[in-house]
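Here full-length UniProt numbering is used: the first residue of the sequence shown is 1, the next is one more, and so on. Glycine included, every Cβ here is placed at the ideal spot set by N, Cα and C.
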Amino acid sequence: MKEDILFQSLVKSFRSVTLGTVLFVSVSLLNAETTTLEDIAEGKRYQSENNCRKAIQLYQSALQKNRNSIDAKLGVADCSFKLGAYRESKKFYLEILDREPKHIPAVTGLTEIYLLDSDFPTISKLIEPLLTEFPNNTGLRIAEAKSLQKQGKLDSAIYKIKNLSAKLAEPSDLLRMLAELYFSKENYNEAFNSIDAYTKKEPNDPEGFAFKAKVLLYQNYFHPSQLKSVLPLTEDALQNSLNLNPKGEQARFYSVYHDIILANFSSDKDVKRKAFRSIYELAREFPENQLYHSLEANLAWELGETKFASYHYRRALQLDDLDEILRFEAEEYAIAQEKEESKLRRELGDYRRDRFYSEKHSLYHKSSLFHLKRGKDLSPQTPVIRRELLDFYNQTGEAVKYTNLLLRLREEDPNSFKLQNKLEFSIKNLKESIEFREGYLQIDPNSIQENTVRYSPEVYVFDMESSLPFPYHLQAGRLLSEAFRYNLKQIQAVRVVDGDEFKEIRGLLKEVNFHPFSQTLPFAIDNLHFLDSKRRNATKIRYVVHGKYQIKDGDIRLDVSVYDRDSLRDIATWSTNQKGRDSLPTIIHRISERIKDLLPKEGKILKVKKDEVIVSLGKDDGLQKNSKLEFKRKGKPLFQGEITELGKSISSVKPNVRGWEKELATGDNVTLPMDSRKEKKDK
C-alpha cells in the first residue's frame, strides 16, 4: 500500500515537473520568436532610412535566434547588395530560393546581381517560368524590363511595362520603371510625365523626387533659357526629397548641378561655394566615387581653394589613372597654380615622361611628342626631359630651339667641352642659313631670336560641345578645344588665335551665348563677327574649328569640322574615336594632322631682290626643294616660281617668267598649289 502511494506521488511529481518544463520551454520559445520579429521590424525601419549597416546587424541578430527566418535572410541579402557585398547577397538569396523556389522578392533580388555581369541567359532562366505562372506580377516584369534595358532593347521593355501598367491601373512601381526606361531612351518628356505621376502616388518616396529633379535638368540641358526657367521646379523637387531624407545621395548630388547652373547664370560665387560644400561632403562620404572628387577639384580650382584642388585631382587620378580628360585638366591646373616642385605637378610630369618613353618607338611615335611637350611644361628643369628635348630639336631641325637649350645648359655647366662643341657647330650652321643672311635671325651671346613673320592660315578653335546632357567632366568641352590649340601651336604651318585676342573674343562670345553648366561657348555662325573685334583693317580670321564630342566608358568620340568664312560652309568634317591610355594625344594628333593637310600652304613675299624673291614659306610648311610656288594678287594667279634655296621658315624663289620684277611686290601672296601637294603625298 505504501509502495502504491509512493509511486502515485512520484508520477504526480514527474507530471508536474514535465508540465512545468514544457510550459517553460514554450514561453521561452514564444519570447525568442517575439524578439526575432522585433529585430526584423527594427531592421526594416533602418533599411527604409538607408542605414543598411545597422539594419544588417539586426537581421543577423534575428538569424541567430531563428536561422530559418526568410524575412531576416531577405533583409541581409537586400542590404548586402546595397552595400556592394554581392557575394554575400547572392548567398542569402539562393538560401531563400532553396526553401521557397517561387519567392519572388528573392528572384528579383538575384536578377539584380546577375545584371551586374550582364548574365542575361541566367536571368531569363530564373524569371521566365515564374512570368508564365504570374504574368501580372509587377516585380517580375520590372526585373525583365531591367534586363531588356541593359541589353539595349528599350522599346520592348517600354511596351511590356506600359501594357501591364494600363492593365493594372498604373501601379506606382511600374510608373517608376517606365520613367527610368524613357530616361534611358532620352525621351525626357515621357520620362517626366511618368515620374510626375509616380510622385503624386508616392509623395513619401524621396528617391522619386530626386529622379524628378534629374529629369527636369536633363530634359532642358540643350536649351539654356528653358533650363533657367525650370530651376525653381528642380529646386522644389530636390527640397521635397531632402526633407524626406536629408542624407539622400541622389538629391544632394543633383543639388550640386542645380547650384552650379544657378551660380553661372547669376555670377554668384556664394551659390557656387554652396555647391562646393555639398560635393565636399559627398566626396568624404563616398571616397571611391571618382566623379565626386573630380567635380570637387574643379570647383575648388575655380574658387581658388588650391589645397582642395590639388588633393582631389590626385585622389581622382588614383581611382582611375586612365582618365585622359581628367589628367589633362589636372595638368592645366598644376601649370597655372602649382609650383614646379609641388607633389601633384611632379607626379604629372613623371607620368608624361614615362609615357613618352613607352610610345617613343611605337606606332604612335608622333603623338608621343605630346607627352614630351607636356612633360616640358610640367617639369622644365628635369634633366631627362631636357635631354630628350635636345635630341628631338636636333632630329627635327628645330635649330633655334636646339641652340637656345644648349645655351641654357652651358650656362649651368660652363666647363663642359661637349656642350661647347655642340654649341659652336649649331651656331655655325645657323649663320649659314638663309634666315640669318636675310636678317631674320638675331644671334646674341645668351640667346637666339627668330624674327620671321608668319602668314600661314589662321584658325580659331571653338569649344567642343557635348552630344550628351551633363558630361561626366564639367570642363571636357573647353579642355578638348585647349588640347587642339595646344597641338596646333606646335605645327608651324598653322597659326592659332591665342593670348589676349583669344580672351577678348571669348569675353564677347560669352555675353551672347554660353552654356550655364559646362561654361562652353558654342559655335554659331551668327556670332562669328566677334572674331574680327580687334581686326578692323587687318586680315580676318578665315578658318574656324568646331565640333561635338562624346565620352562614354573611356571612349573619346569626336566629330570635328572646319568652317571656311570665305565660302560660308564646312569644308571638311571628320569623325574619329579612341579608347584607353593615351587616347587624348592620339585622337588630338590625328585630327590636327588632318587640319594641317586641309589648310592651304600660303605666305607672302617678304623681299623682292634682283634675281629672286624671299617668301615666308619653308620646310615648316611642307615645302621641298623641287616644290613649285604660285604667286597671286587679290586672289588671282600670276605665275609660278622655283625654289632656289629652301630654308626652315623662309625660302628664295626665282619666278619662271621674264619681267617678273615689274609684276611682283612685297606683300603679294604666294601659295603651294594643290597639285604640288598631291605630288608630295604620292611620293
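- Item | C-alpha distance - K628 paired with K601, whole-angstrom precision | C-alpha of K628 to C-alpha of K601: approximately 12 angstroms in a straight line.
- Quick one: using the 10 Å Cβ neighbour count with 16 as the cut-off for buried, is K200 buried or exposed? exposed
- Query: What is the rounded straight-line gap between the Cα of G641 and the Cα of K648?
  - Reply: 18 angstroms
- Task: Pull up the distance between the alpha-carbon of L83 and that of L406, whole angstroms please.
- Result: 59 angstroms
- Going by C-alpha distance, which of F92, K534, S69 and R535 is nearest D78? For D78, the closest of F92, K534, S69 and R535 by C-alpha to C-alpha distance is F92.
- Message: Using the three-state DSSP reduction, which class does V461 fall into: helix, strand or coil?
- Response: strand
- Message: Could you give the first and the last residue of the continuous alpha helix (DSSP H) run that contains L599?
- Response: Neither: L599 is in no alpha helix (DSSP H) and is coded neither H nor E.
- Complete runs of the alpha helix (DSSP H) confined to the segment 301–362 [at least 4 residues]: 306–319, 324–337 and 343–359
- Item | Every unbroken beta strand (DSSP E) within the segment 38–92, with a cutoff of 3 residues, ordered by chain | none
- Taking all protein chains shown into account, do 16 or more other C-beta atoms lie within 10 angstroms of the C-beta of D621, making it buried, or fewer, making it exposed? buried
- Cβ neighbour criterion (16 or more within 10 Å) applied to E504: Burial call: exposed.
- Taking 8 angstroms as the threshold, find out whether the segment 190–206 comes into contact with the segment 434–444 through three or more Cβ pairs. no
- Message: On the CB-based measure, 16 or more other CB atoms within 10 Å of its CB, does V496 come out buried or exposed?
- Response: buried
- Message: As a quick exercise: from I491, F81, N669 and S310, pick the residue whose alpha carbon is nearest that of V613.
- Response: N669
- Under 8 angstroms between the Cβ atoms of G75 and T108? no
- Item | Where D117 falls, given that 16 or more other Cβ within 10 Å makes a residue buried | exposed
- Measure the CB-CB distance between residue 691 and L319 and report whether it falls below 8 angstroms. Because the chain spans 1 through 683 in this model, residue 691 falls outside it and cannot be assessed.
- Item | Residue interval of the beta strand (DSSP E) (run including N245) | Segment: none, N245 is in no beta strand (DSSP E) and carries neither H nor E.
- Message: On a Cα-Cα basis, can you pick out the residue from E411, S156 and P224 that is closest to F514?
- Response: P224
- Query: Is it true that the CB of L115 sits closer than 8 angstroms to the CB of L126?
  - Reply: Against a cut-off of 8 angstroms, the Cβ pair of L115 and L126 comes out as no contact.
- Item | L480 versus E207 - alpha carbon distance | 35 angstroms
- Message: Runs of 4 residues minimum, wholly inside the segment 175–245: which ones carry the alpha helix (DSSP H) assignment?
- Response: 188–201, 206–219, 224–229 and 231–244
- Would you mind sorting S416 into buried or exposed? The rule is 16 or more other CB atoms within 10 Å of its CB. exposed
- Query: From the DSSP output, which residues share a beta bridge with P655?
  - Reply: G641
- Query: When the Cα atoms are used, what is the spatial distance from L131 to E170?
  - Reply: 19 angstroms
- Can you tell me the Cα-Cα spacing of F639 and L672, whole angstroms? 12 angstroms
- Please report the residue range of the alpha helix (DSSP H) in which D564 lies. Unbroken run through D564 is the beta strand (DSSP E), D555 to D564; no alpha helix (DSSP H).
- Task: Using 10 angstroms around the beta-carbon of V512, count the other beta-carbons present and answer buried if the total reaches 16, otherwise exposed.
- Result: exposed
- Applying the criterion that 16 or more other CB atoms from any shown protein chain within 10 Å of the CB defines a buried residue, is G43 buried or exposed? buried
- Express the C-alpha separation of R454 and Q151 in angstroms, rounding to a whole number. 55 angstroms
- Message: Can you give me the C-alpha to C-alpha distance between R284 and N136, rounded to a whole angstrom?
- Response: Roughly 43 angstroms separates the two Cα atoms.
- Item | Where R535 falls: helix, strand or coil (DSSP) | coil
- Message: DSSP three-state label for H515, please.
- Response: coil
- Alpha-carbon to alpha-carbon, Y218 and V544: For V544 and Y218, the distance between alpha carbons rounds to 29 angstroms.
- Message: In whole angstroms, give me the CA-to-CA distance for Q395 and H589.
- Response: 19 angstroms
- Helix, strand or coil: which one does DSSP assign to L672? strand
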